[in-house]
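>
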Amino acid sequence: MKRILLISLLLAGSASVMAKLPAPVLDDAAKAKAEEAKAKTAHAGKVDAYKLCLSMDRAAASYFKTAAASGKTVKPAAALPACADPGPFTYVAAAATAVAKPVEAAGAHSPAATAASPPSATAPAAVPTGK
């Protein structure tokens with residue numbers, strides 16, 4: 034019993050120590066490397082999806098070929114878009130592609146201008162009825 038209590042206290046203490054570790058501070062080079070790694074991972078996912086698409090096309094073609102050879106009636110395949118080849122990995126650093134941020138057309142997130150006059154006329158918006 035004492036052993037279980039001691040182990041649980043040690044685990045709880047180690048968990049609290051791990052929770053207090055500060056977040057790592059990344060310099061610009063580390064941030065750029067992380068962005069490139071993220072881009073490589075995204076490209077690898079696209080390549081994997083492309084290879085899967087090609088293998089599914091080959092499997093479907095093989096199925097239709099063997100089914101037709103054995104005399105089975107096969108429904109036509111559903112029309113799907115062709116497999117899109119992602120091409121080779123190319124990475125352009127974010128600093129090289131940084132462009133001035135576009136000015137938003139609606140101004141939804143812009144700070145409000147200072148009011149120079151009241152927002153409405155002196156007449157109330159709704160006239161109370163005598164009911």
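For the sequence shown, the numbering used here gives the first residue as 34, with consecutive numbering after it. Glycine residues also receive a C-beta, built at the ideal position from the N, C-alpha and C atoms.
Are Ala117 and Tyr83 closer than 8 angstroms when you measure CB to CB?
The answer is yes: Cβ separation under 8 angstroms.
> Less than 6 angstroms between C-beta atoms, sequence neighbours within five positions excluded: which residues of the same chain meet that for Ala72?
Within the same chain, Ala72 has close Cβ partners Tyr124.
> Does the distance from the C-beta atom of Ala67 to that of Leu59 stay below 8 angstroms?
Contact: yes.
> What does the alpha-carbon distance come out to for the pair Met34 and Leu44?
The alpha-carbon atoms of Met34 and Leu44 are separated by roughly 16 angstroms.
> Identify, in the order they occur along the chain, each residue of the same chain with its Cβ nearer than 7 angstroms to the Cβ of Phe122, setting aside the five sequence neighbours on each side.
So the qualifying residues of the chain are Lys73 and His76.
> Among Gly120, Ala101 and Thr147, which has the Cα closest to the Cα of Asp81?
The candidate whose alpha carbon is nearest that of Asp81 is Gly120.
> Do you know how far the Cα of Ala146 is from the Cα of Ser41?
C-alpha separation (whole angstroms): 59 angstroms.
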